[in-house]
Amino acid sequence: MEENHELIGIKKIRSGLLLLIIISIQIFIVLIAGTVALFEVITHMSSPNATFTSSALGFIEGFLNGNEVPIILLPLLIFSIVIVESLLGLVGMLRIRYGFRILKNLGKNVGIGRTGATLFLITFILIGSSFFGPLLLIALLFAFFGVILLGSGFYKLGS
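For what it's worth, our numbering labels the leading residue of the sequence shown as 2, then goes sequentially.
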């Protein structure tokens with residue numbers, strides 16, 4: 002029965018890490034697409050006779066030629082993507098924390114990983130509540146130490 006609980010804990014950690022990896026890839030894609038779209042919009046605004054070089058961004062040309070409302074909605078779209086990705090990040094960290102808790106209850110010496118996940122959860126909350134100021138500095142310190150503790154927990158999990 003203990004083997005079953007150990008597998009459940011490892012599966013929770015694995016699914017949480019997989020979720021965080023997928024989120025990182027999605028954020029990278031959104032950042033690249035946003036940068037290219039911003040470059041195209043700035044290029045289009047600087048010279049009105051310019052044509053778009055990328056057919057994938059043709060929808061922005063329609064927005065610029067037709068009406069200005071969809072351009073205003075673009076930051077709202079990006080904001081909603083950030084909110085969804087943040088919530089998925091919280092779910093991933095909660096899964097990792099839960100997996101470490103299961104393994105710690107079985108007598109494994111991986112409690113430090115759970116502490117690191119908790120520090121990361123505090124980081125998400127602090128960054129969500131304050132983008133500037135001293136809380137952001139505290140959040141970055143928690144993230145730094147959380148990554149170190151998570152890495153130590155993963156090292157102990159593998160040995």
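For glycine and all other residues, C-beta sits at the position ideal for the given N, C-alpha and C.
What you are looking at is a predicted structure, and each value in this text was computed from that prediction instead of being measured.
Determine, using beta carbons only, whether residue i and residue j come nearer to each other than 9 Å.
i    : j    : result
L122 : M94  : yes
S87  : I113 : no
S117 : F146 : It is Gly, not Ser, that sits at residue 117 in the sequence shown. Against a cut-off of 9 Å, the Cβ pair of F146 and G117 comes out as a contact.
E7   : L104 : yes
L20  : G90  : yes
I97  : G17  : yes
G35  : I79  : yes
T124 : L141 : yes
I82  : V31  : yes
V134 : R15  : The sequence given here places Gly at residue 134; Val does not occur at that position. Result no, Cβ atoms of G134 and R15 do not sit closer than 9 Å.
Helix, strand or coil for residue i, going by three-state DSSP, please let me know.
i    : result
S160 : coil
G35  : helix
G108 : coil
S56  : Reliability fails at S56, whose pLDDT of 47 lies under 50, so the model's placement of it is uncertain and the value that follows must be treated cautiously. Helix at S56.
S131 : coil
G154 : helix
At which residue ranges does the region 9-33 contain complete beta strand (DSSP E) runs of 3 or more residues, listed in the order of the chain?
Runs found: none.
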